[in-house]
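In the UniProt record's numbering, the protein residues as written are 1 to 142.
Note that the Cβ used here is the ideal one computed from N, Cα and C, for glycine as well.
Contents: one structure, followed by commentary.
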């Protein structure tokens, strides 16, 4: 298995990226769709504003190319999806048979920043993340 990390902040075209991977190994590749988040001082997204649509686009394109995919929905303290509502993940599992799960990475920045109104407390954010992870594992094996 190969794991290919895709940073969506550089506005990639999914098919152009996939075309770089030889067809014979595509069934053994997992695309990790990283919804890197960045916002300005007014809390408006600068990058990956439409994480849900970006995710669906990548999952669909990966499925069309017989490739597995997973989603890194958070970058540090900021996440595209709810930390407690599992409906978006349930939808992905139901609609995209190539969706194998989620991951959380870079959980060391973006917390407890008094100058950023969107910055959550680390303890407030990490507890629900582990709860979501614990609930999605059984879903991924169903």
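Taking the Cβ atom as the reference point for each residue, do residue 72 and residue 35 lie within a distance shorter than 8 angstroms? Taking the first residue of the chain shown as position 1, residue 72 is located at position 72. Taking the first residue of the chain shown as position 1, residue 35 is located at position 35. Residue 35 sits close to residue 72, with the two beta carbons spaced by under 8 angstroms.
Notebook entry, point to check: Which residues does DSSP pair with residue 95 in a beta bridge?
Noted result: For this step, residue 95 is matched to residue 95 along the chain shown. Partner(s): none; residue 95 has no beta bridge.
Original post:
How should residue 130 be labelled, buried or exposed, when 16 other C-beta atoms within 10 angstroms of its C-beta is the threshold for buried?
Top reply: Your numbering for residue 130 matches position 130 in the chain shown. Per the 10 Å Cβ criterion, exposed.
Q | Enclosing alpha helix (DSSP H) for residue 18 [first to last residue] | A | If you number the chain shown from 1, residue 18 lands on position 18. Residues 14 to 18.
Let me know the beta strand (DSSP E) ranges lying completely inside the stretch 51 to 81, each 3 residues or longer, listed in chain order. As far as the stretch 51 to 81 is concerned, its whole beta strand (DSSP E) runs of at least 3 residues are 68 to 75.
Residue 15 to residue 6 span [Cα, whole Å] = As a working note, residue 15 is residue 15 in the chain shown. As a working note, residue 6 is residue 6 in the chain shown. The straight-line gap from Cα to Cα measures roughly 12 angstroms.
Spatial neighbours of residue 68 in its chain, beta-carbon cut-off 6 angstroms, leaving aside the 5 residues before and after: Translated into positions along the chain shown, residue 68 becomes position 68. Non-local beta-carbon contacts of residue 68 in its own chain, meaning distances under 6 angstroms to residues more than five positions away in sequence, involve 30, 98, 100 in chain order.
ask   = Which whole-angstrom value is the C-beta distance of residue 58 and residue 25, which I expect to be below 8 angstroms?
value = Stepping through the chain shown from its first residue, residue 58 is reached at position 58. Stepping through the chain shown from its first residue, residue 25 is reached at position 25. No, residue 58 and residue 25 are not in contact; Cβ-Cβ is about 18 angstroms, not under 8 angstroms.
#### Entry: Residues that residue 34 bridges to, as DSSP identifies them
For the purposes of this step, residue 34 is taken as the residue at position 34 of the chain shown. Paired residues: 7, 72.
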